[in-house]
Every structure is written in structure tokens, then in C-alpha cells.
Amino acid sequence: MKVAIPRQLSTVTPPSNKRVSRACESCRQRKQKCNGKTPSCRQCEEAKTPCIYPLKSREKTTKQIRSLEEQVQDYETTLKEVADQDNGEHAERIRDILQKYNSNSNNASNGTPDANEHQNGGFKRSSSPSSIGSLDAVDRVEEDLNSTESSRATGYMGKSSEVTWMGRVEEETELRSRDQSPKAEPEEYTTDKVAPSTVNYHIDDLGIDAPGPVQMYWVPPQSVADHLFGTYLHAVHPHFPIINKTLFSRQYRDFFNDLSYAGDKWMAILNMIFAIATEYLYNSDEARRGDIKDHLFYLTRARMLSLGGDSLFQHPDLEQVQVEGLVAFHMLSTSQINRAWRISALAIRSAISLGINLKSSSLKMSGIAKEIPCRVWWCLYTVEQKLGSMTGRATSISINIYTAQLPLPFDEDHLSEPPASELLDDLDMREKRVNMAMTSPHLRHPDRLQTEEAKAGRSWLQSLPVDASLYFLYCCDLTVLNQEILDRVYSAECATMSWDDIKGTIKRLKGTVDAWLSTLPPGLDFTCMKDENPQTYWAKTNLAFHYHSTRIMLGRPCLCRHNPNRSEEQRKLLNRRGFSHDMAVMTLESAMHMLDLLPDEPSSAHLYQLCPWWCFLHYIMQTSTVIVLELSFGCVHMKDRESNLVQSAKKSVQWLYMMSMHCTASYRAWQLCESAVRRLVSSMGYDASDIPAHLQRDDSFVDSSGLGALAKHNLTIENAHVLPYNDQSQPSNFPRESHAVDNFNNDSDFANSLDTGVLSTPSTQDYTGGEANFPLDPINEEFIRYFFPSLDGADSPNGGLHRF
Numbered sequence: 001m002k003v004a005i006p007r008q009l010s011t012v013t014p015p016s017n018k019r020v021s022r023a024c025e026s027c028r029q030r031k032q033k034c035n036g037k038t039p040s041c042r043q044c045e046e047a048k049t050p051c052i053y054p055l056k057s058r059e060k061t062t063k064q065i066r067s068l069e070e071q072v073q074d075y076e077t078t079l080k081e082v083a084d085q086d087n088g089e090h091a092e093r094i095r096d097i098l099q100k101y102n103s104n105s106n107n108a109s110n111g112t113p114d115a116n117e118h119q120n121g122g123f124k125r126s127s128s129p130s131s132i133g134s135l136d137a138v139d140r141v142e143e144d145l146n147s148t149e150s151s152r153a154t155g156y157m158g159k160s161s162e163v164t165w166m167g168r169v170e171e172e173t174e175l176r177s178r179d180q181s182p183k184a185e186p187e188e189y190t191t192d193k194v195a196p197s198t199v200n201y202h203i204d205d206l207g208i209d210a211p212g213p214v215q216m217y218w219v220p221p222q223s224v225a226d227h228l229f230g231t232y233l234h235a236v237h238p239h240f241p242i243i244n245k246t247l248f249s250r251q252y253r254d255f256f257n258d259l260s261y262a263g264d265k266w267m268a269i270l271n272m273i274f275a276i277a278t279e280y281l282y283n284s285d286e287a288r289r290g291d292i293k294d295h296l297f298y299l300t301r302a303r304m305l306s307l308g309g310d311s312l313f314q315h316p317d318l319e320q321v322q323v324e325g326l327v328a329f330h331m332l333s334t335s336q337i338n339r340a341w342r343i344s345a346l347a348i349r350s351a352i353s354l355g356i357n358l359k360s361s362s363l364k365m366s367g368i369a370k371e372i373p374c375r376v377w378w379c380l381y382t383v384e385q386k387l388g389s390m391t392g393r394a395t396s397i398s399i400n401i402y403t404a405q406l407p408l409p410f411d412e413d414h415l416s417e418p419p420a421s422e423l424l425d426d427l428d429m430r431e432k433r434v435n436m437a438m439t440s441p442h443l444r445h446p447d448r449l450q451t452e453e454a455k456a457g458r459s460w461l462q463s464l465p466v467d468a469s470l471y472f473l474y475c476c477d478l479t480v481l482n483q484e485i486l487d488r489v490y491s492a493e494c495a496t497m498s499w500d501d502i503k504g505t506i507k508r509l510k511g512t513v514d515a516w517l518s519t520l521p522p523g524l525d526f527t528c529m530k531d532e533n534p535q536t537y538w539a540k541t542n543l544a545f546h547y548h549s550t551r552i553m554l555g556r557p558c559l560c561r562h563n564p565n566r567s568e569e570q571r572k573l574l575n576r577r578g579f580s581h582d583m584a585v586m587t588l589e590s591a592m593h594m595l596d597l598l599p600d601e602p603s604s605a606h607l608y609q610l611c612p613w614w615c616f617l618h619y620i621m622q623t624s625t626v627i628v629l630e631l632s633f634g635c636v637h638m639k640d641r642e643s644n645l646v647q648s649a650k651k652s653v654q655w656l657y658m659m660s661m662h663c664t665a666s667y668r669a670w671q672l673c674e675s676a677v678r679r680l681v682s683s684m685g686y687d688a689s690d691i692p693a694h695l696q697r698d699d700s701f702v703d704s705s706g707l708g709a710l711a712k713h714n715l716t717i718e719n720a721h722v723l724p725y726n727d728q729s730q731p732s733n734f735p736r737e738s739h740a741v742d743n744f745n746n747d748s749d750f751a752n753s754l755d756t757g758v759l760s761t762p763s764t765q766d767y768t769g770g771e772a773n774f775p776l777d778p779i780n781e782e783f784i785r786y787f788f789p790s791l792d793g794a795d796s797p798n799g800g801l802h803r804f
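Under the UniProt record's numbering, think of the first position of the sequence shown as 1, with each following residue one higher.
Here is the structure:
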């Protein structure tokens with residue numbers, strides 16, 4: 001009997017080991033076997049993910065995708081900038097389009113990872129080209145900084161540093177010199193990144209060792225010391241009131257009158273005062289200039305007295321904080337930026353360990369005793385913030401680590417008088433009249449600037465006379481705003497933020513900076529510079545530099561190259577002023593306003609009498625780089641003011657040229673800017689003959705050993721005086737009643753230095769008997785004869801200099 005077998009409706013295809021010609025992208029990433037089925041393979045169907053097969057030429061596909069991404073970014077940027085300009089129905093429609101686009105982009109990214117996410121550590125790169133030149137890669141290092149001595153001396157330079165901006169200038173100048181077509185592919189108009197160490201104009205690669213033996217307790221004659229001390233109080237203290245001028249002046253007089261004993265830390269402070277004043281006089285007096293390394297002898301003594309051996313491991317006191325702060329300020333003013341950065345952090349740590357960063361409510365301290373540490377804190381704050389801006393590094397300060405009130409607008413000599421004494425004793429009144437009236441305490445709540453208490457406080461401040469203390473108060477207030485810009489716009493956190501978020505932050509901070517300008521008393525309002533009062537003019541000029549520098553920092557991310565692949569229609573739309581365009585214009589206008597503060601004829605006397613000399617090179621380089629960048633971009637933001645920009649660029653080079661005569665850092669900066677400006681100006685068809693091209697530096701005052709003129713005489717001292725000691729630091733075998741130096745030798749072997757680390761310091765020999773008969777420190781002889789002619793002849797330096 002036959003049985004019917006049912007017909008098989010389907011056949012099962014046996015698995016095949018045959019490889020498909022190409023696998024989909026999803027299977028490639030998951031490293032799974034793909035069956036090559038189209039339009040979707042089995043694995044993608046089961047996972048319900050998009051199945052995309054690569055084209056035959058992966059390189060061609062990558063290039064097409066990149067081109068499409070460029071077009072999408074251009075259209076998106078155009079739409080955003082038009083929306084910023086147009087507040088009508090078109091803006092509403094554009095925002096709807098952008099919202100749908102962003103929604104689609106987010107949905108697509110859930111299926112296929114964005115290539116930019118892998119390139120940015122998992123975070124999506126900002127979509128606007130406005131941020132490409134300014135804020136990209138703030139969270140990474142693009143070179144091996146440990147590879148060479150030069151790179152280690154330079155260190156990391158972030159996006160807020162003008163050194164990084166100078167690198168961008170070099171890149172853009174190189175691109176323009178190639179005369180590339182605006183229709184070139186992105187790969188063709190890009191160039192290699194410039195290493196910061198190759199455009200670093202600071203002098204951290206130079207040593208800070210004194211060029212000869214140093215006697216730790218040597219002091220200059222009182223006539224020279226008086227001049228140096230007076231110079232410091234006049235030229236440095238208004239910028240940096242880290243010492244109590246009244247108290248220290250009394251101690252200084254008692255010291256030279258042999259009425260009191262001085263400890264090592266006090267002597268270190270005095271030597272740093274002499275070091276800063278010596279460097280200031282060297283730069284400001286062209287006619288009578290000493291040796292370029294004279295200041296290093298005072299610096300070396302301060303290091304030997306307070307920064308060597310066990311000193312760094314002892315618990316700090318207020319004097320130690322002042323020494324470290326003075327060293328950081330001196331390093332900053334002499335363009336030893338990397339070293340200043342390290343010492344400044346040490347000073348901040350020492351201050352925080354003493355609670356100087358916090359408001360004091362101790363009942364055992366007088367009001368004046370509380371005010372001095374407050375001013376010390378704000379001095380450290382200003383130096384640390386300036387270094388953070390110059391290096392682009394994260395500072396050790398933020399708005400959340402201190403509660404110290406802003407300094408009072410009264411000189412130290414008047415702190416014991418009303419109304420200063422009233423504010424010192426009543427913290428609530430001080431809060432209302434000073435802190436509430438300023439801008440920085442309201443950063444998180446800007447609406448409080450318009451309260452009645454804030455207005456009353458500003459009215460009281462405007463009634464005060466303009467002096468250095470009032471200037472320092474507003475300078476500290478603006479410094480806090482500048483630090484907020486670093487934290488909110490240039491920090492590594494910004495790498496995870498969209499350009500819209502960053503732009504919103506910039507817009508908010510611009511309003512805060514504008515509000516600060518409106519709070520200035522009439523005597524400090526630098527928008528009106530007709531006042532011929534030297535004290536008022538000096539304060540206005542310094543605040544103006546600080547203010548314009550802040551605006552340059554704020555608007556720099558918006559100053560960028562426009563994509564050369566834009567269509568004619570897109571370029572017409574971009575010519576309409578939007579927020580990013582306005583911020584770029586603001587940046588360039590602030591740069592030109594800063595140069596307008598300077599006379600057309602460069603003058604070192606003007607610079608050191610009226611300008612912020614201790615960070616002037618930083619300001620002039622900020623100005624130069626943004627103007628040169630705009631020229632290299634083809635003046636896309638200020639097309640109608642091209643000739644003004646060219647003249648401003650030339651002026652900045654001329655000032656750098658003048659400063660280069662006696663400053664190595666300025667010389668390096670001039671070389672960088674002169675080369676870039678000359679190439680750009682010539683390529684734009686302007687006359688470059690008035691740009692200084694050759695510099696004849698007068699280095700005749702520095703011999704091969706680096707010693708000054710007086711040291712070459714190898715003079716010896718008679719009737720030298722000793723330094724009295726206090727009970728804590730006096731050696732047991734030191735005769736307190738005697739001021740003779742016959743039995744004390746402090747000659748030092750200066751083989752070690754800060755070059756090899758902050759803990760490496762000079763050593764001093766132990767007490768030995770014998771006659772003190774070593775060479776005189778190189779205080780310049782011409783300098784002494786010029787300022788103190790009475791010392792010539794019978795009272796010559798041979799018998800008048802004090803040393804120990």
C-alpha cells in the first residue's frame with residue numbers, strides 16, 4: 001500500500017561558509033558575521049537598527065560626508081545668525097527648523113555613532129565654526145610637553161593664552177602667504193599646528209641665577225636703599241599693596257637706625273622690594289641704566305632667606321605669604337611666567353592654610369589687623385588670575401573658595417581714622433557700602449545690582465577722593481569678572497558644551513562687564529580722559545587697559561575664520577550683524593581702544609609712569625594678535641575699517657620695537673609680530689616701509705659674565721655694617737652688640753637654583769672666622785653716582801655700601 005507523502009512547502013537552506021563581498025557598518029562595529037542581505041541584513045533586522053553598507057571607495061565616502069557636514073554647518077550657522085538679527089516671524093520659523101534638525105540629528109546618532117564623538121572623547125563637537133578656532137581641544141594637549149627643555153619651560157598653553165593666539169596667527173599668516181583659492185577643499189587650506197614653544201616669547205628658558213657670589217645678609221647703603229624703597233612705594237605698591245606700607249616703613253626706618261632686629265623673612269621681603277624696584281628702574285631710566293642682572297642678586301638673597309632648605313617645610317606665616325607673593329609678582333613682571341605660575345600656587349596654598357581667603361570675625365584682632373591679610377589675599381588673587389589668563393591654565397582660585405571682603409578704598413595711613421575705622425568695626429555696614437555696591441559679588445544674581453542698597457553704596461563710593469586704594473578696589477572687582485570668563489568660557493568643561501550654551505554665557509557676561517563700567521565713579525571713568533590730574537589719569541589708564549583686556553578675552557571665541565566654501569548667498573546673509581559678529585567687532589574695537597591709550601611715538605617714560613608696566617607686554621600682545629588675526633581673515637568683521645586695523649597693527653609693532661631695546665621677552669615678541677604684520681600688510685597692498693625691520697640692541701652694559709660695571713672693579717668694603725637679628729634666628733655665636741662684619745662670612749656657592757626645582761636653593765657656608773674680604777655685589781656704579789652725587793669722591797661707594 002502506498003502512503004502519500006505531503007509536499008514540503010519550504011526548504012531550509014544549509015548554512016554557507018561563503019564570505020560576502022562587503023559587510024554592513026553595524027556588523028563591522030560589532031565584529032559579527034554579516035549575510036550581506038539588502039536592504040537589511042539578518043542581524044540588523046533582529047536588532048532593529050539601520051543597516052548601512054559602505055560604498056566601494058571608503059575614502060571617497062568620507063570626503064563626501066565631510067563635505068556634507070560642512071554644508072550643514074554652514075546652513076545652520078547662517079540660520080542662527082539670521083535668527084539673532086531678525087526678531088520677527090522669520091526668526092520663529094528658523095528656530096522651528098533648527099529644533100527639528102537637532103531632533104533628527106539626535107535620533108540618528110542613537111543608531112550610528114557620530115564620528116566627531118570618537119574624536120572628542122565621547123562628546124559632540126560644537127556645530128558652529130565660530131568656536132572652531134577658539135575653543136576646540138581645550139581639554140587636551142596636542143604635543144609632548146616633556147620632550148624638550150624648551151617645551152618644559154613653556155609648559156601647557158591653553159586657549160586664553162596670547163601665546164596660543166600667536167600660534168594661530170602664524171598658521172593664518174602661512175595660509176594667506178600661499179594665496180590659496182577660496183574654493184579649496186578644507187584639507188588643502190589647513191596647516192600644521194604651531195607648537196606653543198615655538199611662538200613663546202617669555203623667558204622661562206633663561207636662568208635666574210645671580211652671575212656671581214652672593215652674601216645673604218648684604219644690604220645697600222641707606223641712600224640707595226631709600227631710593228629703591230621709595231621707587232617701590234611709588235611704582236609698585238598701588239598695583240600690588242601686599243605689605244602694610246605704614247608698618248613696614250616704620251620697621252624699615254628702625255632697621256637702618258639700628259633700633260630693631262630683623263628676622264630672615266622680613267629681610268626676604270625687603271630684598272624682594274629691592275629686586276622689583278631695581279628691575280623697574282632698569283627699564284624706566286634709559287639714560288642711566290645698570291646691569292640687566294642686578295635684580296637677580298636681591299632675588300637670590302630672598303630665596304636664600306625664605307625659600308631654601310627647611311623653609312618650605314615649615315608652617316607658613318603672614319610674612320612667608322608676602323615673600324611668596326612678591327616673588328610671584330617679580331617673576332610675572334620679568335616674563336618668567338612658568339616659574340611665576342608655580343610660586344603663585346605656593347603663595348595661594350600658604351594663604352589658604354592661614355585662612356586669609358576667608359572673612360575674619362575674630363574678637364582678638366583689631367580691624368586693621370584684619371584688613372591687611374584681606375589685601376594680601378586680593379594681591380595674590382590678581383596675580384594668580386593674570387597668570388591663568390596668560391597661560392590658559394586652570395587657576396587655583398574660584399568664586400567658591402573665598403569669602404574675604406573686597407579691600408577698603410582707604411590708604412593704610414587712614415585706616416585708623418573715620419570713616420575707615422567705622423567700616424572695620426562694623427562688617428554689616430562694610431558689606432552694604434562696599435561689597436553690595438560692586439559688581440563681582442552679584443555674578444550669580446545680577447538683578448541685585450539695581451537694589452536700593454547697591455545704589456546707596458555706589459553713591460557713597462563716588463563721594464570718595466580718587467586714590468590708589470579706590471583704584472585697587474575696582475581693579476579687584478574687574479579681576480573677579482575676568483576670572484569668571486576663564487571659568488565659564490575657556491575651561492575644559494566648555495569642550496562638552498554646545499556653541500549655543502557658550503554663546504549664552506558670553507552674552508550674560510558681557511552684560512555684567514558693561515554693568516561694571518556703569519558703576520565707576522566719575523574720577524575713574526576712563527571713557528572721559530580729559531582730566532589732567534596725574535593721579536586720576538594714571539588710575540584711569542590702568543583701569544582702561546584692564547577693562548579692554550577683559551573684553552578681548554570675552555569676545556575672542558567669536559573672532560574666527562569664515563569658511564571659504566560658503567555660497568554667495570550665505571556670505572550676504574553673514575554680512576548682516578548677528579551676536580557673534582558683534583562680539584568679534586567688540587573685540588577688535590577694544591584692541592584698537594587699548595592702542596589709542598598710547599601716544600603714537602613710543603615712550604618708555606609714558607609706559608612706566610602711566611601704564612600697567614608689570615603686565616604691559618601681555619596687554620600689547622593680546623592687542624596685536626587679535627588685530628593680526630582679523631587681517632589674516634581678510635577683515636571679514638570690519639571691512640570698512642581695514643586701513644585703521646593696518647595702522648593699529650603697525651603701532652603695536654612699533655611699541656614692541658621700543659621695548660625690545662632692553663627687554664629680551666619684548667624682543668622675542670617683536671620678532672614674531674613684525675614678521676606676521678610685514679607679510680600681511682605687504683600682501684594687502686599697503687606700505688610696510690614704516691615697520692621697524694632691524695633692531696640694534698645696546699648690550700654694551702652687559703659683559704660676557706653678566707656682571708655690572710661696579711662688580712668689575714672687584715671692590716672691597718670698609719666699615720661694613722651687619723644686620724641685627726631677632727632672638728629666633730640669631731646664631732648663638734653672633735655678637736648682638738657689635739655691628740662689625742669682620743668675623744662673619746656668608747659667601748655662597750650658587751650652583752643650585754630654581755632652575756632645577758622650587759626646592760633647589762643656594763647654600764651658605766657655616767660661620768667661619770677671618771676677615772670678610774669678598775667682592776662687592778654688582779650695584780651699578782653709574783646708577784649710584786647719578787642718583788647720589790654726594791657719594792662721589794670722599795664718600796664713594798668704596799666706603800659707603802653696607803653689606804653683611
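For glycine and all other residues, C-beta sits at the position ideal for the given N, C-alpha and C.
**Q.** Proximity to Ala-394 [Cα-Cα], best of Leu-588, Ser-161 and Leu-509
**A.** The candidate whose alpha carbon is nearest that of Ala-394 is Ser-161.
Q) Roughly how many angstroms lie between the CA atoms of Ala-492 and Leu-486, to the nearest whole one? A) Pairing Ala-492 with Leu-486, the inter-Cα distance amounts to about 10 Å.
Q) Under 8 Å between the Cβ atoms of Lys-651 and Leu-597? A) Taking 8 Å as the Cβ cut-off, Lys-651 and Leu-597 do not qualify as a contacting pair.
(Q) In this structure, how does DSSP classify His-637 when only helix, strand and coil are distinguished? (A) Three-state result, His-637: coil.
Q) Do three or more CB pairs link the stretch 445-452 to the stretch 396-409 at distances below 8 Å? A) No: the two stretches stay apart, fewer than three of their Cβ pairs being nearer than 8 Å.
Q: Determine the burial state of Val-214: buried for a count of at least 16 other Cβ atoms within 10 Å of its Cβ, exposed for fewer.
A: Around the CB of Val-214, 16 or more other CB atoms lie within 10 Å, so the residue is classed as buried.
Q | Neighbour-count burial assignment, Ile-52, 16 or more Cβ in a 10 Å radius | A | Counting Cβ neighbours within 10 Å, Ile-52 comes out exposed, since fewer than 16 surround it.
Q) Near Arg-30, which residues of its chain fall below 8 Å by C-beta distance, leaving aside the five closest residues on each side in sequence? A) So the qualifying residues of the chain are Gln-43.
Q.
For Met-365, count the other beta carbons within 10 Å of its own beta carbon; 16 or more makes it buried, fewer makes it exposed. Which is it?
A. Its Cβ having fewer than 16 others within 10 Å, Met-365 is exposed.
Q: Rounded to whole angstroms, what's the CA-CA distance from Ile-372 to Ser-361? Just pull it up for me.
A: As the crow flies, the alpha-carbon of Ile-372 is around 14 Å from that of Ser-361.
Q. Taking the Cβ atom as the reference point for each residue, do Arg-551 and Val-513 lie within a distance shorter than 8 Å?
A. Yes.
Q) What does a CB cutoff of less than 6 Å around Thr-382 pick up in its chain, not counting 5 residues either side in sequence? A) Closer than 6 Å at Cβ, skipping near neighbours: Thr-479.
Q. Considering Asn-257, what are the terminal residues of the alpha helix (DSSP H) in which it resides?
A. Segment: none, Asn-257 is in no alpha helix (DSSP H) and carries neither H nor E.
Q | Contact under 8 Å by Cβ, Leu-305 with Ala-351 | A | Contact: no.
Q) What did DSSP end up calling Ala-108 once you bin it into helix, strand or coil? A) Residue placement at Ala-108 cannot be trusted, given a pLDDT of 42 that sits under 50; what the coordinates show is reported in the next sentence. It is helical.
Q) Which residues bound the alpha helix (DSSP H) around Asn-482? A) Looking at the DSSP string, the run of the alpha helix (DSSP H) that includes Asn-482 is 468-489.
Q) Excluding the five sequence neighbours on either side, which residues of its own chain have a C-beta within less than 7 Å of the C-beta of Ile-620, listed in chain order? A) The answer, listed in chain order, is Ser-652, Trp-655 and Leu-656.
Q.
Closer than 8 Å is the cut-off here; do at least three beta carbon pairs connect the stretch 233-246 with the stretch 465-478?
A. Output reads yes: the stretch 465-478 touches the stretch 233-246.
Q: Would you check if the distance between the CB atom of Arg-22 and the CB atom of Pro-50 is smaller than 8 Å?
A: Contact annotation: Arg-22 and Pro-50 have beta-carbon atoms that are not nearer than 8 Å.
Q) Hey, quick one: how far does the alpha helix (DSSP H) through Ile-276 stretch, first residue to last? A) Where Ile-276 is concerned, the enclosing alpha helix (DSSP H) stretches over 264-284.
Q | Residue interval of the alpha helix (DSSP H) (run including Met-390) | A | Note, Met-390: alpha helix (DSSP H), 367-391.
Q) Just to confirm, are Gly-325 and Ala-347 a CB contact at a threshold of 8 Å? A) Yes; because the gap between Cβ atoms is below 8 Å, this pair is in contact.
Q | Cβ separation of Leu-543 and Tyr-608, assumed to be a contact under 8 Å, to the nearest whole Å | A | Rounded, the Cβ-Cβ distance is 17 Å, inconsistent with contact.
Q: Thinking Ile-276 and Ile-243 are a contact (beta carbons under 8 Å), I'd like their distance in whole angstroms, please.
A: Not really, about 11 Å apart at Cβ, beyond 8 Å.
Q. Which value, in whole angstroms, describes the spacing of the CA atoms of Ser-151 and Gly-36?
A. Taking C-alpha positions only, Ser-151 is separated from Gly-36 by approximately 52 Å.
(Q) Once DSSP output is grouped into helix, strand and coil, what is the label at Leu-415? (A) Judged by DSSP in its simplified three-state form, Leu-415 adopts coil rather than helix or strand.
Q | Assigned exposure category for Asp-428 - 16 Cβ within 10 Å defines buried | A | With fewer than 16 other Cβ atoms within 10 Å, it is exposed.
Q: Mark Ile-506 as exposed unless 16 or more other C-beta atoms lie within 10 angstroms of its C-beta, in which case mark it buried.
A: Buried.
Q: In the DSSP assignment, find the unbroken alpha helix (DSSP H) run with Ala-437 in it and report its ends.
A: Annotation: Ala-437 is outside any alpha helix (DSSP H) and is labelled neither H nor E by DSSP.
Q. Run through DSSP, which three-state label would Glu-319 get?
A. Reduced to three states, the DSSP call for Glu-319 is helix.
Q) In angstroms, rounded to a whole number, what distance separates the CA positions of Glu-483 and Val-327? A) The amino acid occupying residue 483 in the given sequence is Gln; Glu does not appear at that position. When rounded, the distance between both Cα atoms is 22 Å.
Q. What distance in whole Å lies between the Cβ atoms of Trp-516 and Leu-481, which are believed to be in contact at a cut-off of 8 Å?
A. Right, the Cβ-Cβ distance comes to about 6 Å (below 8 Å), so this counts as a contact.
Q: Could you tell me the boundaries of the alpha helix (DSSP H) in which His-662 lies?
A: No residue range can be given for His-662, since it is assigned to no alpha helix (DSSP H) and is classified by DSSP as neither H nor E.
Q. For Cys-663 versus Leu-332, is the C-beta distance shorter than 8 Å?
A. Contact check for Cys-663 against Leu-332 fails: the beta carbons are separated by 8 Å or more.
Q) Helix, strand or coil: how does DSSP classify Thr-148 here? A) It is coil, neither helix nor strand.
Q) Do you know whose CA, among Lys-193, Gly-158, Thr-154 and Lys-159, lies nearest Thr-173's CA? A) Comparing Cα-Cα distances from Thr-173 to each of Lys-193, Gly-158, Thr-154 and Lys-159, the minimum goes to Lys-193.
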